[in-house]
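Read through the structure below, which is laid out as structure tokens, and then see the notes.
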Amino acid sequence: MASPSLRQLDIFAQMVASGSIALCARDLGVSVDQVARDLASLELRLGYRLFDDLSGKARLTPAGRKTAEAMTLLSADDPESWSQGKAQETDAGGAAEQPPRPNAQEQRQSIVLAAPAPVFGRFQEALAAFEAANEDVAITLDLTIHLADEAAAALDAGRVDIAYFYALGEAAHLPSRYGWSEQINLYAGKDHPLARRDSVSPDDLAITPMLMMEPPNPLRRIIDTALAREGIRTGDPVLETDNMFDIMTILREGAGCFAAFGPLARDLGRLGGIGRLALERPLPAVEVRQARRADGQGGSAVDALAEFLFL
């Protein structure tokens, strides 16, 4: 996934385990508001909701459940009432041990689909529809792959069957097909000097301090590469962090600009106190591409899913 902070992932894991925001906050020793803020920041990064409602007994959305499965927090055949685990445990020395039942997923063909979490958010409904129409197929997600080199390595090793990834055109070492493009845009607080401009020039950008994700973050890497290819320079970063709550707070204070694309960019544009800069020269777009295993393993089901996601 797109390198959310470890704190946010810990809170998501604890929410899955506890099933309640109040219990989660108590177990972590933080406030309920802090848990809600970190989950909101994580959802902003991913581009989709993880829970239907945080009040009372929190329930995972279908996308949230898939995300938890991808993080190995849940097994794919867990019951829907995922928060009732301890209540259903039997006492020691109680009922006789039952013979193990075959895992439901082992009886179905497994397809491993790799995609950045925001890309998964785009076709989560299509995945659910495909699984519903093909009961003999189980789709497992890998949300750790973002760029072409990562996708190529996973496909060559046979770890995934289909990979979606961010790119700036087709890579010579990885045959793939174009899915769609996501425009990079710059965002700033409403009080930022550039936010008041009718047009922001490349020279303005070259001296504008930036807020950036941490250097290893795949989103940071693809944005940096895209801007460098087009000869677009920005000012030095005043903050490098993967914590979106910190970035949003500083943007609203009018300090620095932030480059984003995809669902993250769209969500930033909807936030109060933050707006998209009117650039004199549009920034480049990032492509989302699809590749499959070259050895043909997986057969017709993999081909059918790959085509279905393009409908």
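Be aware that the sequence shown starts at 740, since it is given in the numbering used here, and climbs by one per residue. In this text, a Cβ means the ideal position worked out from N, Cα and C, and glycines have one as well.
#1: Can you tell me where the beta strand (DSSP E) holding residue 987 begins and where it ends?
#2: Who are the near neighbours of residue 832 in its chain, counting only those whose CB is closer than 7 Å to its CB and skipping five residues on each side?
#3: Classify residue 964 as helix, strand or coil using the three-state DSSP reduction.
#4: Go through its chain and collect everything with a Cβ distance to residue 974's Cβ below 8 Å, but skip five positions before and after it.
#5: Closer than 8 Å by C-beta to residue 1046: which residues in its own chain qualify, once you throw out the five before and the five after it? Chain order, please.
#6: Are residue 1008 and residue 926 touching if we call contact CB-CB under 8 Å?
#7: Counting C-beta neighbours from all protein chains within 10 Å, is the total for residue 922 16 or more, i.e. buried, or is it exposed?
#8: Run through DSSP, which three-state label would residue 898 get?
#9: Quick test of your reading: residue 1025 and residue 907, contact by CB under 8 Å. State the CB separation rounded to the nearest angstrom.
#10: Per DSSP, which residues does residue 928 bridge with? Please list them.
#11: Once DSSP output is grouped into helix, strand and coil, what is the label at residue 1006?
#12: So if DSSP puts residue 949 in a beta bridge, which residue, or which two residues, is it bridged to?
#13: Taking C-beta to C-beta, are residue 993 and residue 937 nearer than 8 Å?
#14: Just list the residues that DSSP pairs residue 877 with in beta bridges.
#15: By Cβ distance below 8 Å, which residues in the same chain neighbour residue 749 in space, the five residues on each side in sequence not counted?
#16: To test your reading of the DSSP string, which unbroken alpha helix (DSSP H) runs of 4 or more residues are found completely within the stretch 752-809?
#17: Return helix, strand or coil for residue 1049, following the three-state DSSP convention.
#18: Alpha carbon to alpha carbon, what distance is there between residue 1006 and residue 783?
#19: By how many angstroms is the C-alpha of residue 880 removed from the C-alpha of residue 861?
#20: Residue 916 bridges to which residues according to DSSP?
Considering the structure as presented:
#1: Unbroken run through residue 987 is the alpha helix (DSSP H), 983-991; no beta strand (DSSP E).
#2: Because residue 832 carries a pLDDT of 43, less than 50, the predicted location of this residue cannot be relied on, and the following value inherits that uncertainty. Closer than 7 Å at Cβ, skipping near neighbours: no residue.
#3: Reduced to three states, the DSSP call for residue 964 is helix.
#4: Correct list, in chain order: 944, 945, 946, 947, 948, 949.
#5: Same-chain partners within the cutoff: there are none.
#6: Yes, they are a contact pair.
#7: The residue is exposed, with fewer than 16 neighbouring Cβ atoms inside 10 Å.
#8: Shown here, residue 898 sits in coil according to DSSP, grouped into three states, outside any helix or strand.
#9: Contact flag correct, Cβ pair sits at about 7 Å.
#10: DSSP output for residue 928 lists 1013 as bridge partner(s).
#11: When DSSP states are grouped into helix, strand and coil, residue 1006 belongs to the helix group.
#12: Answer is 976, 996, bridged to residue 949.
#13: Result no, Cβ atoms of residue 993 and residue 937 do not sit closer than 8 Å.
#14: For residue 877, which the question treats as bridged, DSSP gives the partners 849.
#15: Once the five neighbours on either side are set aside, the close Cβ partners of residue 749 are 767.
#16: Taking only runs of at least 4 residues, the alpha helix (DSSP H) segments lying wholly in the stretch 752-809 are 760-767, 771-785, 801-809.
#17: Residue state, collapsed to three classes: coil.
#18: In this model, residue 783 and residue 1006 are separated by some 7 Å (Cα to Cα).
#19: Using only the alpha carbons, I get a separation of about 14 Å.
#20: Answer is 1029, bridged to residue 916.
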